[in-house]
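In the working numbering, the protein residues as written are 94 to 214. The C-beta atom is built at its ideal place from N, Cα and C for all residues, glycine as well. What you are looking at is a predicted structure, and each value in this text was computed from that prediction instead of being measured.
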Amino acid sequence: MNELISNILIGTGLLFSLFGCLGLIRLPDVYNRLQSATKCVTLGTCCIMLSLVIRYGFTDIGIKGLIAIPVLFFTSTAGAHALLKGSHISGIGMWEKSVADHYRDDTTGVADEEEKTDNPE
Numbered sequence: 094m095n096e097l098i099s100n101i102l103i104g105t106g107l108l109f110s111l112f113g114c115l116g117l118i119r120l121p122d123v124y125n126r127l128q129s130a131t132k133c134v135t136l137g138t139c140c141i142m143l144s145l146v147i148r149y150g151f152t153d154i155g156i157k158g159l160i161a162i163p164v165l166f167f168t169s170t171a172g173a174h175a176l177l178k179g180s181h182i183s184g185i186g187m188w189e190k191s192v193a194d195h196y197r198d199d200t201t202g203v204a205d206e207e208e209k210t211d212n213p214e
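What follows is the structure in structure tokens.
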């Protein structure tokens, strides 16, 4: 039974990873691509690591898989956030059909302050 559950989790992880790779190819801009890669590949890898825990139990392999899940989850999401914030600050544009830009005020506020000091009007 454990082997069946483990195989299902491995298949699910492979599907998530496949969808993440397809998102890297098909999505229009860096923001959507990184979101796809982070969400899908993180979930895919976590499913595969969880399958190791189920298949091998609390042996050396299972414990390493159990430790890798939160490390991977937190580091990949924090890294993706840093990459996205850096891309936005660098001025990489969003896709023209994007709906929301939650960081718009962060970068325009700096430019507005610079304009006020340059133009004393």
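Shortest Cα-Cα distance from SER144 to any of GLY106, ILE185 and SER183 involves GLY106. Between GLY155 and VAL146 a beta carbon distance of about 5 Å is seen, short of the 8 Å cut, so the two are scored as contacting.
A direct Cα-to-Cα measurement between ALA130 and GLY116 gives close to 7 Å. Looking from the CA of CYS133, the closest CA among GLY113, GLY179, MET142 and PHE166 belongs to GLY113.
Secondary structure note for ILE101: its alpha helix (DSSP H) is the uninterrupted segment 95 to 119.
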